[in-house]
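In our numbering, the protein residues as written are 110 to 339.
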């Protein structure tokens, strides 16, 4: 479980840096300062934690489900940003409501990155016994001020195409959603063997699947005919 959570934290940080490549300089600076300030001023809460308590949190199904809600909201916001960016190549010609939503999603940093920073701060305090808590928190804040702009710049250099970064952001968030399910169920899901097959339910499922497929195909052809006709 610890390994899965660690992978999830790394992906959340990567998505945060990748999202910053689509924001302006002012927004990135404000987000970086906010995240650094969060790391600096939350050390009094961090020192109250213990490894035993954190282990209990990871085994607490209710708490993990609450975290899953935050993670889901974050993933939905990021995916919606990707979709709006693709569908609104020229925001000035879009509707006012769509422009407002797109601007909000553009400046939205990430809810999930704040628990990740808090977790990193707690781990640093555990790993550096005898070092001043204030020094650790300020050092982490300074590291955030350095890493976020440099990491964002490096991603822009490695992936100069906006479309490629946007696609990577979309796929990475889908991966986060999948890993988040694994990390938050915490082994609570159980499979009970079925003695009988409900053929009526199976037939209804097949009918719904076929009906949805046909309707989707009709809708796709209609949209393609409407918007791509010469």
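For each residue, glycine too, the CB sits at the ideal point set by N, CA and C.
- Excluding residues up to 5 positions away in sequence, 136 lie with their Cβ nearer than 6 Å to the Cβ of residue 216 in the same chain.
- Note on geometry: alpha-carbon atoms of residue 254 and residue 209 lie some 28 Å from one another.
- Secondary structure note for residue 250: its alpha helix (DSSP H) is the uninterrupted segment 242 to 267.
- For residue 153, the closest alpha carbon among the candidates 330, 131, 230 and 178 is that of 230.
- A Cβ-Cβ contact shorter than 8 Å links residue 126 with residue 257.
- By a beta-carbon distance limit of 8 Å, residue 149 contacts residue 250. Their separation comes to about 4 Å.
- Taking C-beta atoms as the reference points, residue 274 and residue 259 fail to come closer than 8 Å.
- A straight-line Cα-Cα distance of about 11 Å links residue 271 and residue 128.
- DSSP places residue 140 inside the alpha helix (DSSP H), whose first and last residues are 134 to 150.
- It is roughly 28 Å from the alpha-carbon of residue 284 to the alpha-carbon of residue 328.
- Within its own chain, the residues whose Cβ lies closer than 7 Å to the Cβ of residue 132, once the five positions on either side in sequence are excluded, are 215 and 216, listed in chain order.
- Here the alpha carbons of residue 226 and residue 235 stand approximately 14 Å from one another.
- Going by DSSP, residue 212 is part of the alpha helix (DSSP H) stretching over 205 to 216.
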